[in-house]
Amino acid sequence: MKCPLCKGTMKRGETNMPYELKDEKMVVVREVPALICSQCGDVFIEAPILRQLETILKRAEEEGVILGFVKFREAA
Ligand SMILES: [Zn+2]
Numbered sequence: 000m001k002c003p004l005c006k007g008t009m010k011r012g013e014t015n016m017p018y019e020l021k022d023e024k025m026v027v028v029r030e031v032p033a034l035i036c037s038q039c040g041d042v043f044i045e046a047p048i049l050r051q052l053e054t055i056l057k058r059a060e061e062e063g064v065i066l067g068f069v070k071f072r073e074a075a
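Structure below.
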């Protein structure tokens, strides 16, 4: 896959995704599998991973996390 921004090569890697939830709560999901551009660093996350992220965030909200760090592999 080519980077949509610079046409560089996208490589498999991991990234950290910070999310702001309502009421100024925040969750950082760590080590999310992603495609990362080797040229400009743009990050692309595939649809199945995004769905898992949504589940993780929903769970964090239900648990009342105010500031949380979650490892993707352990939570998904
Ligand atoms: Zn790029």
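Residue numbers 0 to 75, in numbering that gives the first Met the number 0, belong to the letters of the sequence shown in order. Idealized CB from N, CA, C, for every residue including glycine. Just so it is clear, the structure is predicted and the values come from calculations on it, not from any experiment.
- Excluding the 5 residues flanking it on each side, G67 has same chain C-beta neighbours closer than 6 Å at V26 and A59, in chain order.
- Rounded to whole angstroms, the separation of the alpha carbons of C39 and C5 is 7 Å.
- A distance below 8 Å between beta-carbons, with the five flanking residues on each side excluded, links N15 to the following residues of its chain, in chain order: V27, V28, R29, E30 and V31.
- Taking every residue with its beta carbon within less than 5 Å of a heavy atom belonging to ligand 1 gives, in chain order, C2, L4, C5, G7, C36, Q38, C39 and D41.
- Around M9, the same chain offers M0, K1, C2, L34, I35, C36 and F43 as residues with beta carbons nearer than 7 Å, after the five sequence neighbours per side are excluded.
- The residue from L20, I65, E23 and L52 with its alpha-carbon nearest to that of E73 is L52.
- Residue environment: I65 is assigned as exposed (fewer than 16 neighbouring CB atoms within 10 Å of its CB, all protein chains considered).
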